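Taking the working numbering, I'd label the letters of the sequence shown as residues 72 to 381. All C-beta atoms, glycine included, are put in the ideal place defined by N, C-alpha and C. This structure is a prediction, so every number in the text was calculated from the model and none was measured.
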Amino acid sequence: MTVQDIRAFNRFYTNVIGALDYSRQLYAPYTLTESRVLYELAHSPRTDAADLRGELSLDAGYLSRILNKFEQDGLIERTPSRRDPRRRNVTLTTRGRETAALLAERADESVGALLATVPSADRPRLAEAMRTVRTLLSDGRPPLREDVLLRDPGPGDLGWIVQRNAALYTAEHGFNADYEALVARIVADYAEDHDPHLERVWIAELDGRPVGCVMVVRDEAPATARLRLLLVEPDARGLRIGDRLVSAVIDFARGVGYRDLVLWTNDILASARHIYQRHGFVLVAEKPHRSFGKNLVGQDWRLDLHATQE
Numbered sequence: 072m073t074v075q076d077i078r079a080f081n082r083f084y085t086n087v088i089g090a091l092d093y094s095r096q097l098y099a100p101y102t103l104t105e106s107r108v109l110y111e112l113a114h115s116p117r118t119d120a121a122d123l124r125g126e127l128s129l130d131a132g133y134l135s136r137i138l139n140k141f142e143q144d145g146l147i148e149r150t151p152s153r154r155d156p157r158r159r160n161v162t163l164t165t166r167g168r169e170t171a172a173l174l175a176e177r178a179d180e181s182v183g184a185l186l187a188t189v190p191s192a193d194r195p196r197l198a199e200a201m202r203t204v205r206t207l208l209s210d211g212r213p214p215l216r217e218d219v220l221l222r223d224p225g226p227g228d229l230g231w232i233v234q235r236n237a238a239l240y241t242a243e244h245g246f247n248a249d250y251e252a253l254v255a256r257i258v259a260d261y262a263e264d265h266d267p268h269l270e271r272v273w274i275a276e277l278d279g280r281p282v283g284c285v286m287v288v289r290d291e292a293p294a295t296a297r298l299r300l301l302l303v304e305p306d307a308r309g310l311r312i313g314d315r316l317v318s319a320v321i322d323f324a325r326g327v328g329y330r331d332l333v334l335w336t337n338d339i340l341a342s343a344r345h346i347y348q349r350h351g352f353v354l355v356a357e358k359p360h361r362s363f364g365k366n367l368v369g370q371d372w373r374l375d376l377h378a379t380q381e
C-alpha cells in the first residue's frame with residue numbers, strides 16, 4: 072500500500088458521506104464541525120469549552136466562534152460553573168435540543184439511505200472492514216466517545232441484557248439469582264407487549280459488540296415514564312456511555328409527551344446515581360429492604376421533564 076492508495080480512499084469516502092456538502096445533505100445551516108459540537112453538547116449534560124476543545128480537538132478561537140454563533144441562534148446558554156467560577160458550563164436550550172435531535176435524525180436517514188444500497192449479505196463484511204480500518208489506524212489509542220453507537224436492539228440483544236445484568240451484578244455486588252429473575256421478567260414483559268411509540272430499548276455498541284443498555288417503559292402513574300436496566304460494561308466505562316443512554320431516554324420521554332421520568336435504584340450504585348444527578352433527577356424517597364440476597368437501601372428518583380434545565 073502507498074500514500075496514494077490512502078489518499079485515493081480518502082477522496083472516495085469523503086464523496087460517499089458527503090462531508091464536503093454537509094449542510095446541504097442535512098438541510099441545516101450548520102457545518103460538519105458545528106454539528107459535531109451540537110452532538111457532543113446533546114450527550115454531555117454539563118460541559119464547558121475546555122472539555123469540548125479536548126474532546127473534539129478544536130482550536131480555542133474556532134470553538135469560541137462556534138459557541139458564539141450557537142448563543143446568537145438561541146441554541147445554548149452559558150452559566151458559571153459551581154465547582155470553578157472561572158469556567159462556564161455550556162448547555163443546550165430547548166431549541167438547541169430540538170435542533171440537535173433533528174440533525175441526528177437527518178444524519179441517520181442519510182446513512183440509512185446509503186446503507187440501503189448495500190445488500191444485506193454484504194453488510195457484516197462492510198462492518199468488519201470498517202472496524203479493521205479503525206483498529207489499524209488508531210495506533211493503540213483507547214476508544215473515543217464517538218466510536219460508540221446507540222441503536223435499537225437486534226436479535227439476541229434482549230437476552231444479552233438479562234445475561235449481562237445477572238453476571239455483572241453478581242460479580243460487582245454479590246446479588247443472587249433473584250436479581251436475574253427480576254431482570255428476566257422485565258425484559259420478557261417488554262418483549263411480549265410494548266408500545267413502540269411510548270416505550271423503547273437502546274443498545275450501546277462499540278466495535279461491533281454490545282457494551283451498554285437502557286430501557287424506558289410506561290409507569291403506572293399518569294403521564295410518567297420509568298427508566299430501567301441502565302448498564303455499561305466495565306471495559307467500556309469512562310466514555311460517558313451511561314450519560315448518553317440516559318440522555319436518549321430523557322429526549323425520547325420528553326419528545327413523546329411524558330411529564331415525569333422516574334426510576335428505582337439502590338444506594339450502593341454510586342456511579343449510576345451520579346449520572347442521574349447530573350441529568351437533574353431528584354431523590355424523592357429511600358427505604359431499606361432485603362433483596363437479591365443483600366441488605367440494601369432502595370431509592371426512588373424523579374425528573375420533571377417540563378422543568379427548565381440548568
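Limits of the alpha helix (DSSP H) - the one that T206 falls within: Position 135 of the sequence shown holds residue 206. T206 -> alpha helix (DSSP H) spans R194 to L208.
Status (buried if at least 16 other CB within 10 Å, exposed otherwise) for T336: Taking the sequence shown and counting its residues from 1, one reaches residue 336 at position 265. Answer is buried; the Cβ neighbour count reaches 16.
Whole-angstrom distance between T241 and P100, CA atom to CA atom: On the sequence shown, residue 100 is found 29 positions in, with the first residue counted as 1. On the sequence shown, residue 241 is found 170 positions in, with the first residue counted as 1. P100 and T241: Cα-Cα distance of roughly 49 Å.
Within 8 Å, strictly: CB atoms of L332 and A324: The count along the sequence shown starts at 1 and reaches residue 332 at position 261. The count along the sequence shown starts at 1 and reaches residue 324 at position 253. Contact: yes.
Rounded C-alpha distance that separates L367 from R205: What you label residue 367 is simply residue 296 of the sequence shown in a count that begins at 1. What you label residue 205 is simply residue 134 of the sequence shown in a count that begins at 1. Each residue's Cα considered, the two are about 43 Å apart.
Pairwise C-alpha distance: R107 and T379: On the sequence shown, position 308 is the one that residue 379 refers to. On the sequence shown, position 36 is the one that residue 107 refers to. Unreliable positioning characterises T379 in this predicted model, as indicated by a pLDDT of 48, which lies under 50. A coordinate reading is not provided.
Inter-residue spacing [alpha-carbon to alpha-carbon] between N81 and H114: Here residue 81 refers to the residue found at position 10 of the sequence shown. Here residue 114 refers to the residue found at position 43 of the sequence shown. Distance between the alpha carbons of N81 and H114 is about 28 Å.
Residue burial classification, M201 (beta-carbon count within 10 angstroms, cutoff 16): As a position in the sequence shown, residue 201 is number 130, starting the count at 1. M201 comes out exposed.
Euclidean distance between Cα positions of H360 and R136: Here residue 360 corresponds to residue number 289 of the sequence shown, with the count starting at 1. Here residue 136 corresponds to residue number 65 of the sequence shown, with the count starting at 1. C-alpha separation (whole angstroms): 53 Å.
C-beta contact flag for E126 and E148 at 8 Å: Mapped onto the sequence shown, residue 126 falls at position 55. Mapped onto the sequence shown, residue 148 falls at position 77. Result no, Cβ atoms of E126 and E148 do not sit closer than 8 Å.
Helix, strand or coil at Q380 [DSSP, three-state]: Within the sequence shown, numbered from 1, the residue matching residue 380 stands at position 309. Its pLDDT being 48, under 50, Q380 is placed unreliably in this model, and the value from its coordinates should be taken loosely. Three-state result, Q380: coil.
Neighbourhood of H383 by C-beta distance below 8 Å, restricted to the same chain and skipping five residues each side: Examination of residue 383 is not possible in this model, given that the chain is present from 72 through 381 alone.
Runs of alpha helix (DSSP H) wholly within the stretch 208–252 (minimum 4 residues, chain order): 228–244
Stretch pair the stretch 240–257 + the stretch 193–200: three plus CB contacts closer than 8 Å: no
Contact under 8 Å by Cβ, R158 with D119: The residue given as residue 158 occupies position 87 in the sequence shown. The residue given as residue 119 occupies position 48 in the sequence shown. Yes; because the gap between Cβ atoms is below 8 Å, this pair is in contact.
Identified DSSP bridge partners for I147: The residue you call residue 147 lines up with position 76 of the sequence shown. Partner(s): L163.
Nearest neighbour of G279, chosen from Y250, D228 and P151 [CA to CA]: By one-based count along the sequence shown, residue 279 stands at place 208. Checking every option, the nearest Cα to that of G279 belongs to D228.
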